[in-house]
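First the structure, in the form of structure tokens, and then the observations on it.
There are 2 protein chains.
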Amino acid sequence: MTRQDRHIEVEDWTERFAGPRSLPRALRDELVARSRIIKVAAGKQIFGPGQATDSLLFLLEGTVRVSQTSESGREIVLYRAVAGQSCVMTTACVLAEDAQAAEGVAETDVRAVALPKSVFDEMVSLSPDFRDFVMSAYRRRIHDLLRVIDDVAFGRIDGRLANRLLELAGTADSLSVTHQQLATELGTAREVISRQLHEFQRRGWIVQSRGKIDIEDRDALAHVVDSV
Amino acid sequence: MTRQDRHIEVEDWTERFAGPRSLPRALRDELVARSRIIKVAAGKQIFGPGQATDSLLFLLEGTVRVSQTSESGREIVLYRAVAGQSCVMTTACVLAEDAQAAEGVAETDVRAVALPKSVFDEMVSLSPDFRDFVMSAYRRRIHDLLRVIDDVAFGRIDGRLANRLLELAGTADSLSVTHQQLATELGTAREVISRQLHEFQRRGWIVQSRGKIDIEDRDALAHVVDSV
DNA sequence: GCGGCAAGGTGACTTTGTCACGGACGCCAG
DNA sequence: CTGGCGTCCGTGACAAAGTCACCTTGCCGC
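Line by line, the protein sequences are chains A and B.
Heads up, the first sequence is in the numbering used here, so the first residue is 1 and it goes up one at a time.
Heads up, the second sequence is in the numbering used here, so the first residue is 1001 and it goes up one at a time.
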């Protein structure tokens, strides 16, 4: 990456995250010097237990899946950080400090700004906009976690599964995913997913093939989601 | 409360939460004028859906139980904010902004500083110590929520119940609590709790009477907690 | 074609949640 | 004291979800 490219990137992200109004020129110049743009290939772990990071990541492109693994080895997806949404801070900072079993994995190729903690602190103190951004990021995460708790504690898995299928598919009507991956999404066991998908297929809502699911009846699936 | 009392309170809490070092005299004086000490009786709701608050609470005395209720009416306790611990900010701010189903209830009589949002923002921008305090409060909450998710998704209820019994009892070996209350703590149904307690009693770990549980064998209960 | 491996299927069983009761206890009015 | 009433708790039958063990099927490289 040339120096010019890098400068362009920085101009871009400081305006996106901090707001041009409240970020003094001097501070921005210092940020140019003290941050760097990193790329992570799809599938790589970005943060996780036993991996102390002292920088925070701000997504420019790609999505990061954040999940938690229990002692017994079972896993559940907590949320996704998606570039382009309002909230693009991976909570590396939060989760890395607990030596918890939370980890973040790049789901696609990821491009992000790595901001050292010291710089982060400066920005928080100097830029009200940046501060708002950080606060709303935390709020958003807590909101996501509350949703997970509600689903896991009170939701039925048929509805939760139907929901994930529609979410993961987006506008497409076919998605490549294994039963095990879906089980991990929902924090349950593969057999449970297999049985539910079998039932969905029996009803003609989906068609399964190895590692792939075709959605045949969106409305029926959507109906299951909120019938719960 | 006399003017003198009030001043003492303020001296007290600003030093506790913001650190004397980094809070300018002028700001502190303004805080004296712009905050107030409130009291809440045990059992009263402090924040909840449909109750917009524009001030934040910092606990001086008492404990606040924060729980979430699903559409179906089932409830689960998310965490407790306890005065005297490092983290005493109720997340009214966070949870109130989502019109979510999270609510905070005073478990004991509560005394707290009510800080208007505008003053909160000023303090965040002016005091690094206060900022750290707020950040670590958020971290702590997220940590608590991750624990809840782990328990609900992967934990067995016998272990979770034994854990709550020991937590709620503290050092006492008797606690006044109904099966329904315990069910709410764990986000499950009363019948489930009744059956488990029946089993605990059969094994001689506890003795039940109406609305009351006597702990007979702490070690056995503690062993169930981590056998899970 | 074939060996090996990951994906998926299945049955038996346990644990947890749901539903519909009914009985027990405390408390207060008559 | 007695009859109601509300809360608390017990229980059985069932449904939903998770666990365990083992099997089959499709796929890919050789």
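Beta carbons: idealized from backbone N, C-alpha and C, even for Gly.
* **6 Å CB neighbourhood of residue 1184(B) in its chain, flanking five on each side removed** => 1075
* Asked: What residues are listed by DSSP as bridge partners for residue 69(A)?
  -> 75(A)
* Asked: Is any beta-carbon of chain A found at less than 8 Å from that of residue 1170(B)?
  -> no
* Asked: So what's residue 212(A) in DSSP terms, helix, strand or just coil?
  -> strand
* When burial is assigned at 16 or more other CB atoms within 10 Å of the CB, is residue 151(A) buried or exposed? -> buried
* Asked: Alpha carbon to alpha carbon, what distance is there between residue 1127(B) and residue 131(A)?
  -> 13 Å
* What number of angstroms, rounded off, separates the C-alpha of residue 1225(B) from the C-alpha of residue 102(A)? -> 22 Å
* Length of the line joining the Cα atoms of residue 215(A) and residue 109(A) -> 26 Å
* Within chain A, the residues that residue 1128(B) reaches when beta carbons sit closer than 7 Å -> 125
* Asked: Beta carbon of residue 1145(B), beta carbon of residue 142(A): below 8 Å?
  -> yes
* **Neighbour-count burial assignment, residue 1118(B), 16 or more Cβ in a 10 Å radius** => exposed
* Assuming residue 1104(B) contacts residue 1047(B) under a Cβ cut-off of 8 Å, what Cβ separation, rounded to an integer in Å, is found between them? -> 5 Å
* Asked: So, are the CB atoms of residue 213(A) and residue 166(A) less than 8 Å apart?
  -> no
* **Within the segment 1179-1211 of chain B, ranges of the beta strand (DSSP E) (whole runs, at least 3 residues)** => 1206-1209
* Where do the ends of the beta strand (DSSP E) carrying residue 112(A) lie? -> 110-116
* Chain-ordered chain A contacts of residue 1138(B) [CB-CB under 7 Å] -> 138
* For residue 1209(B), is the classification buried or exposed, using 16 other Cβ atoms within 10 angstroms of its Cβ as the cut-off for buried? -> exposed
* To do: Kindly say whether residue 72(A), judged by its beta-carbon, lies nearer than 8 Å to any beta-carbon of chain B.
  => yes
* Does residue 1131(B) get closer than 8 Å to chain A when you measure Cβ to Cβ? -> yes
* Asked: Around the Cβ of residue 174(A), are there at least 16 other Cβ atoms within 10 angstroms (buried) or fewer (exposed)?
  -> exposed
* Would you list the one or two residues that DSSP bridges to residue 174(A)? => 214(A)
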